[in-house]
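Participant: Okay, here's the structure, questions in a sec.
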Amino acid sequence: MRVELCKRCLRRLQFQREELERELRKLLLKAEVREVKEEECVYCCGLFKRLPEVAGEIANKLKEYEVRSIQTGCVLRGSLGEVERFFLELKESRSDEDSRKWSIKHEINDVLTKHLTELLNVRDARREKLGDATVTLDAETLDYEVRITPVYIYGRYVKRVRNIPQTRWICSACNGRGCQICGFSGKKYPTSVEELIGQPCVEIMRARDAVLHGAGREDVDARMLGNGRPFILEVRDPKVRSVDLGELERTVNESAGGKVRVRFLGFAEPRHVSLLKTSKFRKKYRAVVEFEREVGEDELRRALKELSYKVIEQFTPERVEHRRANILRRRRTYELELLLHRGKKAVITVEADSGLYIKELVSGDKGRTKPSLSEILNSPARVVRLDVICVLGGLEDFESMP
Ligand SMILES: [Zn+2]
Ligand SMILES: [Zn+2]
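Numbering of the sequence shown is given in my numbering, commencing with residue 284 and proceeding in unit increments.
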């Protein structure tokens with residue numbers, strides 16, 4: 284049997300020819316090891332000679348993107364993977380050193396990274412958390428995949444008008460294709476907080492798309508006031524990354540025409556999205572409530588006091604039941620206060636844990652929410668207008684935020 288390896292692969296494996304022959308003989312393989320040109324090598328098959336060209340192609344693709352650091356990776360499949368496994372096992376059986384240093388994968392990454400960092404004049408991000416771009420090479424076919432890391436921007440938004448959903452709401456009749464019901468827009472609502480914030484960012488950063496991740500969401504017909512709701516905007520495939528957030532903020536606020544206002548607080552990382560999604564921020568609401576009968580002010584104050592600092596049990600509200608499973612949730616209320624009262628109407632504030640359904644806290648939702656204002660007053664009551672007036676806390680309270 285002949286084992287033909289190139290100088291590069293022998294050097295990487297730290298084997299002399301004779302030494303390798305001896306090792307193979309131990310495995311009962313009578314082999315003659317020959318040093319050949321890279322193109323004829325059973326291990327690398329000359330792929331290193333083709334890497335500069337591949338790197339050139341990748342660099343060309345990346346040229347139009349603002350990329351400051353790059354991460355590379357490669358996958359070994361097919362016969363290349365088999366050969367690598369064979370040699371690494373052979374090396375490992377002789378030594379307790381980390382086998383990665385003999386790996387062709389390691390060398391491919393090194394060489395590709397070197398080419399790319401030079402061609403593009405960017406940093407090697409392999410030791411960082413995440414580069415601006417990630418290149419994955421298939422070492423067998425030399426096909427590659429280039430992924431531009433999204434830019435994440437953390438901020439808070441205020442929504443000053445009703446009937447704007449937080450994110451794009453696809454028309455359910457046509458599934459976004461456009462029909463008579465949605466006026467051929469494909470959307471149930473003409474715009475959303477996501478679009479009002481995202482669109483100017485997409486334009487300025489020359490991105491493909493922008494997705495808004497909110498710390499919870501208010502009802503479509505509720506305003507979001509006060510200090511605003513924390514969110515992270517994920518700007519996908521941006522060609523421009525280093526933007527002045529103050530300037531971006533002004534542009535967004537101008538183009539939103541007063542419907543939505545943002546405060547951009549800083550650049551975030553992908554892990555902050557899940558942190559934002561799982562953090563429970565307490566909220567304060569203001570609700571205009573209407574009662575079926577006239578209620579006395581003392582009676583109302585007593586009822587609000589009784590509802591304060593309580594654990595509320597809520598089955599999934601009837602109005603969202605078609606979208607979510609019917610589960611029982613328990614959420615705590617804090618202070619409920621009376622701001623205004625006249626006959627059958629009152630304005631109240633409610634402070635509560637994230638996730639408490641306020642409309643149902645008032646109406647009782649036909650007994651699905653307990654206790655409720657309706658139940659305590661023994662008279663049907665409903666919310667006619669609802670605003671979130673404060674979201675307590677945000678990612679800026681976490682130490683890990685920039
Ligand atoms: Zn080789
Ligand atoms: Zn439609």
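For each residue, glycine too, the CB sits at the ideal point set by N, CA and C.
Please read all numbers here as calculations on a predicted model, not as lab measurements.
Taking the alpha carbon of ASN343 as the point to measure from, which residue in GLY361, LEU403, LYS332 has its own alpha carbon closest?
Facilitator: Position 60 of the sequence shown, counted from the start, is the residue given in the question as residue 343. Cα-wise, what sits closest to ASN343 is LEU403.
Participant: Mind listing, in chain order, the continuous alpha helix (DSSP H) runs of no fewer than 4 residues lying wholly within the stretch 307 to 389?
Facilitator: 330 to 345, 361 to 377
Participant: Does the Cβ of SER657 have 16 or more other Cβ atoms within 10 Å, making it buried, or fewer, making it exposed?
Facilitator: The count along the sequence shown starts at 1 and reaches residue 657 at position 374. The residue is buried, with at least 16 neighbouring Cβ atoms inside 10 Å.
Participant: Tell me whether GLN449 sits in a helix, a strand or coil according to DSSP, three-state version.
Facilitator: On the sequence shown, position 166 is the one that residue 449 refers to. Reduced to three states, the DSSP call for GLN449 is coil.
Participant: Quick test of your reading: SER655 and VAL645, contact by CB under 8 Å. State the CB separation rounded to the nearest angstrom.
Facilitator: In the sequence shown, counting from the first residue as 1, residue 655 sits at position 372. In the sequence shown, counting from the first residue as 1, residue 645 sits at position 362. Right, the Cβ-Cβ distance comes to about 7 Å (below 8 Å), so this counts as a contact.
Participant: Can you tell me the Cα-Cα spacing of PRO513 and SER378, whole angstroms?
Facilitator: Against the sequence shown, residue 513 aligns to sequence position 230. Against the sequence shown, residue 378 aligns to sequence position 95. Roughly 53 Å between the two C-alpha positions.
Participant: Measure the CB-CB distance between VAL394 and PHE331 and report whether it falls below 9 Å.
Facilitator: Working through the sequence shown from its first residue, we reach residue 394 at position 111. Working through the sequence shown from its first residue, we reach residue 331 at position 48. Yes.
Participant: According to DSSP, is ILE436 part of a helix, a strand, or is it coil?
Facilitator: Within the sequence shown, residue 436 is the residue found at index 153, counting from 1. Here ILE436 sits in strand by DSSP.
Participant: Answer yes or no: do GLY469 and ILE453 have a C-beta to C-beta separation smaller than 9 Å?
Facilitator: In the sequence shown, counting from the first residue as 1, residue 469 sits at position 186. In the sequence shown, counting from the first residue as 1, residue 453 sits at position 170. Closer than 9 Å, so yes.
Participant: Beta carbon of THR417, beta carbon of THR400: below 9 Å?
Facilitator: Here the question's residue 417 lines up with position 134 in the sequence shown. Here the question's residue 400 lines up with position 117 in the sequence shown. No; because the gap between Cβ atoms is not below 9 Å, this pair is not in contact.
Participant: Is the beta carbon of ARG519 less than 9 Å from the beta carbon of GLN449?
Facilitator: By one-based count along the sequence shown, residue 519 stands at place 236. By one-based count along the sequence shown, residue 449 stands at place 166. For ARG519 and GLN449, no; Cβs fall outside 9 Å.
Participant: Apart from the five residues on each side of it in sequence, which residues of its chain come closer than 8 Å, Cβ to Cβ, to CYS357?
Facilitator: Here residue 357 refers to the residue found at position 74 of the sequence shown. Cβ within range, chain order: LYS388, ILE391, ASN392, LEU395, THR419, LEU420, ASP421, ALA422.
Participant: Can you list the beta strand (DSSP E) stretches of 3 or more residues lying completely in the stretch 566 to 602, in chain order?
Facilitator: 566 to 574, 594 to 598
Participant: Given a cut-off of 9 Å on the beta-carbon distance, is the pair VAL429 and ARG524 in contact?
Facilitator: Taking the first residue of the sequence shown as position 1, residue 429 is located at position 146. Taking the first residue of the sequence shown as position 1, residue 524 is located at position 241. No, these two residues do not count as a Cβ contact at 9 Å.
Participant: By the three-class DSSP mapping on this structure, what secondary structure does LEU303 have?
Facilitator: For the purposes of this step, residue 303 is taken as residue 20 along the sequence shown, with counting starting at 1. For LEU303, the three-state secondary structure derived from DSSP is helix.
Participant: Cβ of VAL578 less than 9 Å from any chain B Cβ?
Facilitator: Annotation note: the requested chain B is absent from the structure, which comprises a single protein chain.
Participant: Suppose only complete runs of 4+ residues qualify. What are the alpha helix (DSSP H) ranges in the stretch 613 to 684, listed by chain order?
Facilitator: 641 to 646, 656 to 660
Participant: Over what stretch of residues does the alpha helix (DSSP H) that includes GLU428 continue unbroken?
Facilitator: Here residue 428 refers to the residue found at position 145 when the sequence shown is read from its first residue. Not the alpha helix (DSSP H): GLU428 falls in the beta strand (DSSP E), residues 427 to 431.
Participant: So THR704 packs on SER591, CB below 8 Å; how close in whole Å?
Facilitator: Since the displayed the chain opens at 284 and closes at 685, residue 704 lies outside it and no answer follows.
Participant: Looking at the structure shown, is ASN510 part of a helix, part of a strand, or coil, going by DSSP?
Facilitator: Taking the sequence shown and counting its residues from 1, one reaches residue 510 at position 227. The answer is strand: DSSP assigns ASN510 an E or B state.
Participant: Could you give the residue range of the beta strand (DSSP E) that holds ARG491?
Facilitator: Taking the first residue of the sequence shown as 1, we reach residue 491 at position 208. From DSSP, ARG491 is part of no beta strand (DSSP E); its letter is neither H nor E.
Participant: Following a CB-centred definition, is ARG460 positioned closer than 8 Å to any heavy atom of ligand 2?
Facilitator: On the sequence shown, residue 460 is found 177 positions in, with the first residue counted as 1. Yes, Cβ of ARG460 sits closer than 8 Å to a heavy atom of ligand 2.
Participant: Any residue with its Cβ nearer than 6 Å to a heavy atom of ligand 1 should be included. What is that list in chain order?
Facilitator: LEU288, CYS289, ARG291, CYS292, GLU321, CYS324, TYR326, CYS327
Participant: In its own chain, which residues sit with a C-beta less than 7 Å from the C-beta of LEU621, not counting the 5 before and 5 after it?
Facilitator: In the sequence shown, the residue the question calls residue 621 occupies position 338. These residues qualify, in order along the chain: LEU583, ARG584, LEU587, ALA629, ILE631.
Participant: Looking only at its chain, what residues have a beta carbon closer than 8 Å to the beta carbon of GLU347, apart from the 5 residues adjacent to it on each side?
Facilitator: As a first step, residue 347 must be located in the sequence shown, where it is residue number 64. Cβ neighbours of GLU347 beyond the five flanking positions: LYS522.
Participant: Out of curiosity, what's the CA-to-CA distance linking GLN482 and THR652?
Facilitator: In the sequence shown, the residue the question calls residue 482 occupies position 199. In the sequence shown, the residue the question calls residue 652 occupies position 369. When rounded, the distance between both Cα atoms is 39 Å.
Participant: Checking 9 Å against the spacing of the C-beta atoms, do VAL671 and TYR568 come in under that value?
Facilitator: Here residue 671 refers to the residue found at position 388 of the sequence shown. Here residue 568 refers to the residue found at position 285 of the sequence shown. Against a cut-off of 9 Å, the Cβ pair of TYR568 and VAL671 comes out as a contact.
Participant: Give a single yes or no on whether GLY650 has its beta carbon closer than 8 Å to a heavy atom of ligand 2.
Facilitator: To locate residue 650, count along the sequence shown from 1; it is residue 367. Checking every heavy atom of ligand 2 against the Cβ of GLY650, none is found closer than 8 Å.
Participant: Which word fits HIS605, buried or exposed, when buried means at least 16 other C-beta atoms lie within 10 angstroms of its C-beta?
Facilitator: The residue given as residue 605 occupies position 322 in the sequence shown. Per the 10 Å Cβ criterion, exposed.
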